[in-house]
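Here is the structure we will look at.
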Amino acid sequence: MRNRLRTTLITAAGLLAATTGLASAAPAGLYPPSALVLTLSPGGGTDPDASVARAVTLSCAPTPSGTHPAPEQACALLARSGGSFAALRGRQRRCPATADPVTVTAEGVWRGRQVSYRGSFANRCVLLAARGPVFDF
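What the sequence shown shows, in the working numbering, is residues 4 to 140, in sequence order.
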């Protein structure tokens, strides 16, 4: 009887120690999510029924991925801008003065916080000069 009680107590203590250790150990792979859907539509963004010409996904954590053609570059640029699409800057370039308006959107989560962006530009060249490769798809 004593041996059975001792074995039960030792087993219970061992299980308690094991589960307490597991419960307090934090997983090594925690990171805030960054998952976005980027779209490009023709027009100046005033028509709510305008169709989306292109859409890509962009995930930046734990590693850059998605259907974006250059996820590593796009994620690096977003990290540099603090996740602010309005703060993105493209390269200076001369753009034609043609009116072929485009509207871009970004919806999703950047480093754990909800983000939403919408911008309209005179044409695709002006878009890329203003916001850079994040919207180059």
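Where a beta carbon is used, it is the ideal one built from N, C-alpha and C, also for glycine.
Being a predicted model, the structure only gives us computed values, none of them experimental.
- The beta-bridge partner set that DSSP reports for Thr60 consists of Val40.
- For Val105, the enclosing beta strand (DSSP E) starts and ends at 105-113.
- Beta bridge pairing from DSSP links Ser119 with Glu110.
- Beta-bridge annotation (DSSP): Pro136 is not paired with any residue.
- Distances from the alpha-carbon of Val40 to those of Thr60, Ser54, Thr49 put Thr60 closest.
- Taking the C-beta atoms as reference points, Val118 is found no nearer than 7 Å to Cys98.
- Residue pairing for Pro67: DSSP places it in no beta bridge.
- Inclusion of Ser62 and Val55 in the CB contact set at 7 Å is not warranted, their separation being larger than that value.
- Taking a 10 Å sphere around the C-beta of Gly86, we find 16 or more other C-beta atoms and assign the residue as buried.
- Cβ neighbours of Leu91 within its own chain (closer than 7 Å, five residues either side excluded): Leu80, Ser84, Arg134, Gly135, Val137.
- Cα atoms of Ala53 and Glu110: separation of roughly 17 Å, rounded to the nearest angstrom.
- The shortest CA-to-CA distance from Pro104 to any of Thr49, Thr70, Pro35, Tyr34 is the one to Thr49.
- Here Thr108 is buried: its Cβ has 16 or more other Cβ atoms, across all protein chains shown, within 10 Å.
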